[in-house]
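Visitor:
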Amino acid sequence: MVNHEEQYSIWPADLEIPDGWTDAGFQGAKEDCLAHVERVWTDMRPLSLRG
Numbered sequence: 001m002v003n004h005e006e007q008y009s010i011w012p013a014d015l016e017i018p019d020g021w022t023d024a025g026f027q028g029a030k031e032d033c034l035a036h037v038e039r040v041w042t043d044m045r046p047l048s049l050r051g
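Residue numbers (UniProt numbering): 1 to 51.
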């Protein structure tokens, strides 16, 4: 899942996504999800701090 600051997290698919987060469009085993986050979240700074 991803929030408005483009920060990513993994979350169990069978649980409701918390407020402030949206589905990032990827599901799989924990290791696969962590690898996906590592690939797409290349700038750890919140979006509001990027210039």
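For every residue, glycine included, the Cβ atom is placed at its ideal position computed from N, Cα and C.
Can you have a look at A24 and say buried or exposed, based on whether 16 or more other CB atoms are within 10 angstroms of its CB?
Guide: With 16 or more Cβ atoms within 10 Å of its Cβ, A24 is classed as buried.
Visitor: Quick check: the Cα distance between Y8 and T42, rounded to an integer number of angstroms?
Guide: 10 Å
Visitor: Taking 8 Å as the threshold (C-beta atoms), are V37 and I10 in contact?
Guide: yes
Visitor: Going by the DSSP bridge assignment, what does T22 pair with across the sheet?
Guide: V2
Visitor: For E31, which of P12, W21, P18 has the nearest alpha-carbon?
Guide: P12
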